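Using the numbering used here, the first residue of the sequence shown is number 5, and each one after it goes up by one. Just so it is clear, CB atoms sit at the ideal spot from N, CA and C, and this is done for glycine as well. All of these numbers come straight from a predicted model, not from anything done at the bench.
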Amino acid sequence: MGKRASGKGQPGRDEGAHARRQAIIDGMLADALRPAFSYRLPSQEALPADIRRAIDTLLAKAAAQRSRCLTYEDLEEALPPRDVSAEDLEAIFWILAEHGIEVEDGDL
């Protein structure tokens, strides 16, 4: 089979494809230009129960140590035994940050 012409003779078809591509590009630009603070994580109550327990455990540990820093080891100990999604981890870090708590490498 020979090579098809680059859309000549099919203006409606090319315009539709162009419009779809442009809509995707416009959406990506809008996402990139949206202020970071307009992104909101779901409330802690909307998270799975085991993730809420992990957050509560981490907050309690920080309070008991009277520390604003926890280690990744602390985080690992608090996480549920299942595979934790990136969204769950992001929620954990955001909620800890809202309480002024950071997770850092090493023994503190």
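CA nearest to the CA of residue i, picked from the options
i: Leu83; options: Ala23, Ile28, Gln26, Leu63; result: Leu63
i: Pro85; options: Asp92, Asp54, Ile28; result: Asp54
i: Ile59; options: Asp109, His103, Ile29; result: His103
i: Pro90; options: Ala68, Leu51, Leu74; result: According to the sequence provided, residue 90 is Ala. The question's Pro does not apply to it. Closest option to Ala90, Cα to Cα, is Leu51.
i: Asp109; options: Asp92, Arg70, Val88, Glu80; result: Glu80
i: Glu77; options: Phe97, Ala68, Ile29, Val107; result: Val107
i: Thr75; options: Phe97, Ile28, Leu33; result: Phe97
Test item: CB-CB of residue i and residue j under 8 angstroms
i: Pro66; j: Arg57; result: Residue identity check: residue 66 is Ala in the sequence provided, not Pro. Not in contact: Ala66 and Arg57 (Cβ atoms no closer than 8 angstroms).
i: Ile99; j: Gln48; result: yes
Boundaries (first-last residue) of the beta strand (DSSP E) holding residue i
i: Glu81; result: Careful: Glu81 lies outside any beta strand (DSSP E), inside the alpha helix (DSSP H) at 76-82.
i: Glu106; result: 106-108
N- and C-terminal bounds of the alpha helix (DSSP H) containing residue i
i: Leu51; result: Premise fails: Leu51 is in no alpha helix (DSSP H) and is neither H nor E.
i: Asp87; result: Element bounds for Asp87: n/a, residue is neither H nor E.
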